[in-house]
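Q: Pasting a structure below so you can have a look.
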Amino acid sequence: MGVFERFLSAWVGLGMLAGIVGGVLFPELFTMLGDLQYAQINMVIAVLIWLMIYPMMMQVDFASIKQFHRRPKGLVVTIVVNWFIKPFSMALLAILFIRYLFGGWISPSLGEEYIAGMILLGVAPCTAMVFVWSQLTRGDANYTVVQVAINDLIMVVAFAPIAALLLGVTDITVPWDTLLLSVTLFVVIPLIAGAITRHYLHRKGSKQDKLDKLAATLKPFSILGLVGTVILLFGFQAQTIIDNPLDILLIAIPLLIQTYLIFAVAYIWMKKWKQPHNVAAPGAMIGASNFFELAVAVAISLFGIHSGAALATVVGVLVEVPVMLSLVAYANKTRHQFGPEIA
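Laid out in structure tokens, this is it:
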């Protein structure tokens, strides 16, 4: 790993700190950046998100889906956990903790926005960062691509209706046009762009070598996109974070429980079904981590940059990297508990 990946947690932490400090010292600057919107989507964040997503989407080869027969059980676990368990467990935990257990410390209206943001995180299983987690756990790269490709195809059609259903349960009206626009901008179009890039490089010959070189060239920009997004999000929320430190903690608690719970369900299930570690680890990581770029974008689109929903998704970013790195360490320590790996 390069210096960017090796110290990813440090860069994200510094980005959080820089965002808060910048938001307090230069509020006018962040207000101006926050106002650069079209159709309720912040254009600066959109560009930064694209920097993150595009290099990852180039690696998604939808032709490789035909390899699902190699380990169909692993795909079953990934699909069931991501789409039939995770969204609903997140909604239940969010409602339980924010509305009831922590209701005495959070106003009802703000609490509902927190719940909405957490639900959006729960409906967005990891798409991009799972390639990083897969690499750190020595996951099977080709099989990870299959898992991510199928997950993305499902997300295109399932994200909006599941999010709308669960947000409706919390008595929040969902503008379908904005939700669908966000899915199109941050999932469909990047997938198409990645496919076009792969096709173009294939015509030039030595597709994989060229892809690897292009991905290596773009990797620092991807990390910069992540850190830049963190800086902006924490800058936009700087005063809110300073004014509501308790809320940050209260939001983080159910998010932490959800992350470890979903990882445990998928990881143990994979082990019970005798899946190899290089399939089980990245498969469990997909559900445990979140496509927070999409969740943040939709939260901002639906509720605004300064909303409680946006703050909740930002807290998801706050806990994502350190928590996932702890799960990477655990997965690597328990590698010996799994059977032979795919060659």
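Sequential numbering of the sequence shown, starting at 457, is according to the working numbering.
Cβ atoms here follow ideal geometry from the backbone N, Cα and C, with glycine treated the same way.
Quick check on the DSSP output: what are the complete alpha helix (DSSP H) runs of length 4 or more inside the stretch 733 to 767, in order along the chain?
A: Counting only runs of 4 or more, we get 733 to 744 and 748 to 759.
Q: Can you name, in chain order, every residue of its own chain whose Cβ lies under 6 Å from the Cβ of residue 790, other than the five neighbours on each side?
A: Walking along the sequence shown from the start, residue 790 turns up at place 334. So no residue of the chain qualifies.
Q: Considering just the uninterrupted stretch of the alpha helix (DSSP H) at residue 703, what are its terminal residues?
A: Within the sequence shown, the letter at position 247 stands for residue 703. That run of the alpha helix (DSSP H) goes 701 to 728.
Q: Can you give the beta carbon distance from residue 534 to residue 607, rounded, assuming they're within the 8 Å contact cut?
A: Indexing the sequence shown from 1 puts residue 534 at position 78. Indexing the sequence shown from 1 puts residue 607 at position 151. About 7 Å separates the two Cβ atoms, so the contact holds.
Q: For the putative contact between residue 800 and residue 782, defined by C-beta atoms under 8 Å, what is the C-beta separation to the nearest angstrom?
A: What is shown of the chain runs 457 to 799, which leaves residue 800 out entirely.
Q: Taking DSSP as the reference, what is the three-state secondary structure of residue 493?
A: Within the sequence shown, residue 493 is the residue found at index 37, counting from 1. Residue 493: strand per DSSP, three-state reduction.
Q: Express the C-alpha separation of residue 479 and residue 780 in angstroms, rounding to a whole number.
A: Locating residue 780 in the sequence shown gives position 324, counting from the first residue. Locating residue 479 in the sequence shown gives position 23, counting from the first residue. Taking the straight line joining both Cα atoms gives about 27 Å.
Q: Below 8 Å, how does it come out for the stretch 750 to 769 and the stretch 667 to 675: are there three or more Cβ pairs, yes or no?
A: The answer is no - the stretch 667 to 675 does not touch the stretch 750 to 769, with fewer than three Cβ pairs under 8 Å.
Q: With residue 587 as the anchor, note down where its alpha helix (DSSP H) starts and where it stops.
A: Residue mapping note: residue 587 aligns to position 131 of the sequence shown, counting from 1. Run containing residue 587: 586 to 592, per the alpha helix (DSSP H) assignment.
Q: Suppose contacts are defined by Cβ-Cβ distances below 8 Å. Is residue 582 in contact with residue 747 by that definition?
A: Counting from one through the sequence shown, the residue named residue 582 turns up at place 126. Counting from one through the sequence shown, the residue named residue 747 turns up at place 291. Result yes, Cβ atoms of residue 582 and residue 747 sit closer than 8 Å.
Q: I need the straight-line Cα distance from residue 814 to residue 766, nearest angstrom please.
A: As displayed, the chain neither begins before 457 nor continues past 799, which places residue 814 out of reach and without an answer.
Q: Taking only the alpha-carbon atoms, compute the straight-line gap between residue 553 and residue 770 and give it to the nearest angstrom.
A: In the sequence shown, counting from the first residue as 1, residue 553 sits at position 97. In the sequence shown, counting from the first residue as 1, residue 770 sits at position 314. Roughly 18 Å between the two C-alpha positions.
Q: How far does the alpha helix (DSSP H) with residue 549 in it reach, from first residue to last?
A: For this step, residue 549 is matched to residue 93 along the sequence shown. 542 to 550 is the span of the alpha helix (DSSP H), which, as asked, contains residue 549.
Q: With a threshold of 8 Å, are at least 3 pairs of Cβ atoms found where one atom belongs to the stretch 640 to 654 and the other to the stretch 502 to 516?
A: In short, these stretches touch, since the Cβ pair count reaches three.
Q: If you pair each beta-carbon of the stretch 563 to 573 with each one of the stretch 604 to 618, do three or more pairs fall below 8 Å?
A: Taking 8 Å as the limit for Cβ pairs, the verdict is that the stretch 604 to 618 does not touch the stretch 563 to 573.
Q: For the alpha helix (DSSP H) that contains residue 570, what are its first and last residues?
A: The residue labelled residue 570 in the question sits at position 114 within the sequence shown. First-last of the alpha helix (DSSP H) with residue 570: 564 to 578.
Q: Who are the Cβ neighbours of residue 472 in its own chain at under 7 Å, not counting the five residues just before and after it?
A: Taking the first residue of the sequence shown as position 1, residue 472 is located at position 16. Same-chain partners within the cutoff: 686, 690 and 774.
Q: For the candidate residues 777, 785 and 618, whose alpha-carbon lies nearest to that of residue 712?
A: Residue 712 sits at position 256 when you count from the first residue of the sequence shown. Residue 712 has its Cα closest to that of 777, out of 777, 785 and 618.
Q: Quick test of your reading: residue 714 and residue 578, contact by CB under 8 Å. State the CB separation rounded to the nearest angstrom.
A: If you number the sequence shown from 1, residue 714 lands on position 258. If you number the sequence shown from 1, residue 578 lands on position 122. Contact holds; Cβ gap of about 7 Å.
Q: Nearest CA to the CA of residue 679: which residue from 477, 641, 508 and 704?
A: Walking along the sequence shown from the start, residue 679 turns up at place 223. Of the candidates 477, 641, 508 and 704, the one whose C-alpha sits nearest the C-alpha of residue 679 is 508.
Q: Which residues share a DSSP beta bridge with residue 581?
A: On the sequence shown, residue 581 is found 125 positions in, with the first residue counted as 1. Per DSSP, 746.
Q: Can you round the beta-carbon distance between residue 716 and residue 740 to whole angstroms, since I take them to be within the 8 Å contact cut?
A: Translated into the one-based positions of the sequence shown, residue 716 becomes position 260. Translated into the one-based positions of the sequence shown, residue 740 becomes position 284. About 11 Å separates the two Cβ atoms, so there is no contact after all.
Q: Whose CA, out of 474, 470 and 505, lies closest to the CA of residue 752?
A: As a first step, residue 752 must be located in the sequence shown, where it is residue number 296. The option with the nearest alpha carbon to residue 752 is 505.
Q: For residue 684, which residues from the same chain have a beta carbon less than 6 Å from its beta carbon, with the 5 sequence-adjacent residues on both sides left out?
A: Position 228 of the sequence shown, counted from the first residue, corresponds to residue 684. Closer than 6 Å at Cβ, skipping near neighbours: 504.
Q: Taking the C-alpha atoms as reference points, what is the distance between residue 601 and residue 727?
A: Residue numbering aside, residue 601 sits at position 145 when the sequence shown is read from its first letter. Residue numbering aside, residue 727 sits at position 271 when the sequence shown is read from its first letter. Their Cα atoms are separated by approximately 20 Å.
Q: Ordered along the chain, which non-local residues of its own chain (more than five positions away) have a Cβ less than 6 Å from that of residue 542?
A: By one-based count along the sequence shown, residue 542 stands at place 86. Result list for residue 542: 578, 718 and 743, in chain order.
Q: How big is the Cα-Cα spacing for residue 670 and residue 681?
A: To locate residue 670, count along the sequence shown from 1; it is residue 214. To locate residue 681, count along the sequence shown from 1; it is residue 225. If I take the Cα positions, the gap works out to 16 Å.
Q: In the DSSP output, what is residue 498 paired with across the bridge?
A: As a first step, residue 498 must be located in the sequence shown, where it is residue number 42. Note: residue 498 sits in a beta bridge opposite 493.
Q: If you draw a straight line from the alpha carbon of residue 557 to that of residue 571, how long is it in whole angstroms?
A: Walking along the sequence shown from the start, residue 557 turns up at place 101. Walking along the sequence shown from the start, residue 571 turns up at place 115. In a straight line, the C-alpha of residue 557 is about 13 Å away from that of residue 571.
Q: Please check the pair residue 732 and residue 603, which I expect to be a contact at CB under 8 Å, by giving their CB distance rounded to whole angstroms.
A: Taking the sequence shown and counting its residues from 1, one reaches residue 732 at position 276. Taking the sequence shown and counting its residues from 1, one reaches residue 603 at position 147. At roughly 13 Å, the Cβ-Cβ gap does not stay under 8 Å, so residue 732 and residue 603 are not in contact.
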